[in-house]
Amino acid sequence: MTPIPTQAAGTAPPQPVVVQDLPPTDPAEGLRSADAAQRLLRFGPNAIADQIVPVWRQLLVKFWAPVPWMLEAVIVLQIVLGRGLEALVIAVLLVFNAVVAFVQEQRAQDALALLRKQLHVRARVLRDSRWSQVPAEQVVPGDIVHVRAGDIVPADLLLQVGAVALDQAALTGESLPVDAGAGKPAYTGSIVRQGEATGVVTATGARTFFGHTAELVRSASSPSHMQRTIFAIVKRLVVFDAVLVALVVGFALWHQLPLLDTVVFALMLLVASVPVALPATYTLATAVSSQLLAHQGVLVTRLPAVEEAAAMDTLVCDKTGTLTQNSLSYAGAVSLMRSPKADSSRPMPPEEPGANAAAMDVLAADADVNTLLRAAALASDDATQDPLDLALLAPARERNLLADAPTRSAFHPFDPSTRRSEGVYLVDDQPWHAMKGAATVIGPLCHLDAQQQATLDAAERQLAASGARVLAVAAGAGNNLALLGVVGLSDPPRPDAAALVAQIRELGVRVCMATGDAEQTARAIGAQLGIGTRACQAEGLRDGNVAQNPENCDLYA
3 MTPIPTQAAG
13 TAPPQPVVVQ
23 DLPPTDPAEG
33 LRSADAAQRL
43 LRFGPNAIAD
53 QIVPVWRQLL
63 VKFWAPVPWM
73 LEAVIVLQIV
83 LGRGLEALVI
93 AVLLVFNAVV
103 AFVQEQRAQD
113 ALALLRKQLH
123 VRARVLRDSR
133 WSQVPAEQVV
143 PGDIVHVRAG
153 DIVPADLLLQ
163 VGAVALDQAA
173 LTGESLPVDA
183 GAGKPAYTGS
193 IVRQGEATGV
203 VTATGARTFF
213 GHTAELVRSA
223 SSPSHMQRTI
233 FAIVKRLVVF
243 DAVLVALVVG
253 FALWHQLPLL
263 DTVVFALMLL
273 VASVPVALPA
283 TYTLATAVSS
293 QLLAHQGVLV
303 TRLPAVEEAA
313 AMDTLVCDKT
323 GTLTQNSLSY
333 AGAVSLMRSP
343 KADSSRPMPP
353 EEPGANAAAM
363 DVLAADADVN
373 TLLRAAALAS
383 DDATQDPLDL
393 ALLAPARERN
403 LLADAPTRSA
413 FHPFDPSTRR
423 SEGVYLVDDQ
433 PWHAMKGAAT
443 VIGPLCHLDA
453 QQQATLDAAE
463 RQLAASGARV
473 LAVAAGAGNN
483 LALLGVVGLS
493 DPPRPDAAAL
503 VAQIRELGVR
513 VCMATGDAEQ
523 TARAIGAQLG
533 IGTRACQAEG
543 LRDGNVAQNP
553 ENCDLYA
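What follows is the structure, given as structure tokens:
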């Protein structure tokens with residue numbers, strides 16, 4: 003049993019929430035165990051049910067498709083013609099075709115099942131006025147769930163208390179954490195990067211946002227390009243044979259030839275025109291290809307997928323984690339300090355002489371950017387495993403900026419509700435603060451005037467133009483905080499991404515990129531990878547906008 007998370011001081015107690023047509027859940031007591039059991043029976047487990055198909059049906063379905071129908075028809079014709087050996091050979095090809103596809107796909111499904119068994123997600127739920135951990139599959143609508151840094155959101159939640167930063171890259175492709183607080187949703191499969199919050203479950207299983215997406219993917223299957231091509235060839239051959247048979251029958255009737263001989267000859271024409279070895283050759287080739295891919299770590303769950311990948315002419319890649327590293331890194335900085343070593347071409351906020359004296363005394367460095375990075379690092383802590391902190395500590399350590407860091411007396415990690423983090427240090431027995439966070443939060447703490455605020459806004463836009471996430475950094479003794487500048491963080495491309503894009507293009511495949519990031523970020527990454535900068539939005543594609551025709555789009559943002 004885990005302790006009940008305490009409510010933040012000064013916040014109003016959460017109110018009962020009504021989910022669907024269910025009775026409201028008391029946020030202080032949660033569901034009763036009996037009610038939870040009834041809801042589990044009503045709504046089912048909190049999991050996306052796999053379509054369980056008996057093994058015998060999976061095998062038989064290999065004989066029930068346009069291409070197997072073609073072979074089965076040829077077998078019947080061979081039997082009618084009394085050619086038993088030929089019928090047996092074609093039957094062997096048909097069975098071989100089905101068994102190879104079945105065995106290969108069964109191996110892939112077994113591997114996926116093994117992976118699922120290794121994934122165990124548990125959830126903290128409030129039931130009978132006590133917090134306890136239960137398997138995520140047992141979470142039901144109306145449950146009160148608590149999540150904190152490192153947790154996977156077990157179901158769709160409506161947050162009531164607290165604030166979290168959610169990694170929704172797997173759902174939306176957004177590379178940066180999304181802040182969510184009271185009244186905001188948290189979707190199944192999101193990862194809590196920072197903070198903690200309590201919410202009520204609004205949907206489970208297939209009724210979640212992720213469940214709807216999975217159902218769309220599941221229902222989107224269709225015959226492969228090669229299967230459609232083979233069937234189209236057969237249909238054309240059938241039309242050609244029908245015309246040819248009509249001519250043969252007409253010729254036989256005109257010359258009064260024996261009808262039985264005419265029928266036999268017509269059937270032989272039909273049999274000869276069917277490419278009986280083509281399906282078996284196709285299946286064998288894709289099976290061998292899938293084995294080669296398996297040796298390279300690629301799991302092929304459907305044999306036609308191998309041919310589909312080989313036949314594509316346009317590849318739309320997800321950005322986050324595919325073309326990029328899905329990890330933040332330092333992308334540049336703009337110093338806003340008044341310093342003798344400052345670059346006079348940089349925007350400098352007008353300020354009173356000595357306003358940055360406390361900051362400069364503690365943050366003495368060889369350059370303004372180093373001073374800025376040192377302050378940002380002092381406002382970070384790698385123990386939190388916060389991606390923002392890790393991204394800022396890396397360049398500071400590379401430049402050896404923390405060798406003589408002052409003694410830290412306290413650290414306040416990034417909180418989505420305050421949108422900043424802070425390190426408190428002892429300098430001459432006095433508290434000294436290093437702080438980083440959103441520019442809209444740090445700016446007011448530095449008491450900027452209108453001109454200084456405009457300078458900060460310009461610096462923020464300068465970094466954001468390259469697609470970076472911008473943080474402001476301030477430092478000072480007591481309440482005398484001085485704005486030091488802004489730093490940019492971005493999800494950089496993989497080292498080999500640009501080369502791979504170029505190789506794919508050499509194969510005649512057009513490469514596009516899809517992302518949930520802002521259009522400005524998408525253009526920056528697209529330019530770096532050589533994909534292009536023509537960006538389109540889904541709304542424009544649905545509206546039939548000629549300018550946003552897929553042929554005119556390099557990026558989908």
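Note that the working numbering numbers the sequence shown so that position 99 is 101, with each residue one more than the last.
Ideal placement from N, C-alpha and C gives every residue a C-beta, glycine not left out.
All values derive from a computational prediction rather than experimental measurement.
Take Ala-359 and list the residues in its own chain whose beta-carbon comes closer than 8 Å to its own, dropping the five residues that flank it on each side.
Because Ala-359 carries a pLDDT of 38, less than 50, the predicted location of this residue cannot be relied on, and no value is offered for it.
What is the DSSP secondary structure of Asp-368, reduced to helix, strand or coil?
Its pLDDT being 41, under 50, Asp-368 is placed unreliably by the model, and the measurement read from it follows with that caveat. The answer is coil: DSSP assigns Asp-368 none of H, G, I, E or B.
Write down the C-beta distance between Val-166 and Pro-418 rounded to the nearest angstrom, noting that I regard them as a contact closer than 8 Å.
Sure, about 6 Å apart at Cβ, within 8 Å.
So, helix, strand or coil for His-257, using DSSP?
Three-state DSSP puts His-257 in coil, outside helix and strand.
If I measure Cβ to Cβ from Leu-394 and keep anything under 6 Å in the same chain, skipping five residues before and after, which residues do I get?
Ala-378, Ala-379 and Ser-382, listed in sequence order.
First and last residue of the beta strand (DSSP E) that includes Gln-40?
Counting along the chain, Gln-40 falls outside any beta strand (DSSP E), though it belongs to the alpha helix (DSSP H) covering 35–45.
If you scan the stretch 454–507 from start to end, which runs of the beta strand (DSSP E) of 3 or more residues do you find wholly inside it?
Runs of the beta strand (DSSP E) inside the stretch 454–507: 471–479 and 484–492.
Relative to the C-alpha of Asp-37, which residue among Val-371, Leu-128 and Arg-421 is closest?
For Asp-37, the nearest C-alpha among the options comes from Leu-128.
Leu-450 and Ala-500: beta carbons closer than 8 Å?
Not a contact, by the Cβ cut-off of 8 Å.
Going by C-alpha distance, which of Val-241, Tyr-332, Leu-458 and Val-265 is nearest Pro-338?
Looking at the sequence shown, residue 338 is not Pro but Leu. Residue Leu-458 is the option with its Cα nearest to Leu-338.
Counting only the same chain and skipping the five closest in sequence on each side, list residues whose C-beta sits under 8 Å from that of Ala-440.
Closer than 8 Å at Cβ, skipping near neighbours: Arg-421, Arg-422, Leu-473 and Ala-474.
Between which two residues does the alpha helix (DSSP H) holding Ile-444 run?
Start and end: 441–447.
Does Val-203 come out as helix, strand or coil in the three-state DSSP assignment?
Looking at Val-203 - three-state DSSP - the assignment turns out to be strand.
Take every Cβ of the stretch 235–250, pair it with every Cβ of the stretch 313–325, and state whether three or more of those distances are shorter than 8 Å.
In short, these stretches do not touch, since the Cβ pair count stays below three.
State the CB to CB distance for the pair Pro-70 and Lys-64, rounded to an integer number of angstroms; the pair is presumed to be in contact (CB under 8 Å).
Confirmed, about 7 Å.
For the beta strand (DSSP E) holding Trp-133, just list the boundary residues, first then last.
Segment 132–137, the beta strand (DSSP E) holding Trp-133.
Three-state secondary structure (DSSP) at Tyr-2?
Within the shown structure, residues of the chain are numbered from 3 to 559, placing residue 2 beyond reach of any answer.
With a CB to CB cut of under 7 Å and the five nearest residues on each side skipped, what residues in its chain are close to Ile-146?
Cβ within range, chain order: Thr-27, Pro-29, Gly-32, Val-127, Leu-128, Thr-200 and Val-202.
Could you give the residue range of the beta strand (DSSP E) that holds Ile-146?
Run containing Ile-146: 146–150, per the beta strand (DSSP E) assignment.
Kindly indicate the opening and closing residues of the alpha helix (DSSP H) around Asp-391.
Where Asp-391 is concerned, the enclosing alpha helix (DSSP H) stretches over 389–400.
Please check the pair Leu-374 and Val-194, which I expect to be a contact at CB under 8 Å, by giving their CB distance rounded to whole angstroms.
Leu-374 to Val-194, Cβ: 29 Å. No contact.
Can you list, in chain order, the residues of its chain with a C-beta nearer than 6 Å to that of Cys-555? Leave out the 5 residues immediately preceding and following it.
If we look at Cys-555 and ignore the five residues flanking it on each side, its Cβ neighbours are Arg-536 and Cys-538.
Kindly indicate the opening and closing residues of the alpha helix (DSSP H) around Gln-162.
Run containing Gln-162: none in the alpha helix (DSSP H); it sits in the beta strand (DSSP E), 158–169.
From this set, Ala-254, Gly-46, Leu-483 and Pro-306, which residue's C-alpha is nearest Arg-433's C-alpha?
Looking at the sequence itself, residue 433 is Pro, so the reference to Arg does not match. Closest option to Pro-433, Cα to Cα, is Leu-483.
Compute the Euclidean distance between the alpha carbons of Pro-306 and Gln-522, then round it to the nearest angstrom.
When rounded, the distance between both Cα atoms is 37 Å.
Is it true that the CB of Ala-125 sits closer than 8 Å to the CB of Val-141?
Going by C-beta atoms, Val-141 is nearer than 8 Å to Ala-125.
Cutting at 6 Å between CB atoms, please list the residues of its own chain near Asp-169, excluding the five before and the five after it.
For Asp-169, where only same-chain residues beyond five positions count, the Cβ hits under 6 Å are Pro-179, Ile-193 and Arg-195.
Looking only at C-alpha atoms, which of Pro-137, Trp-133 and Glu-88 sits nearest to Val-123?
Per the Cα distances, Pro-137.
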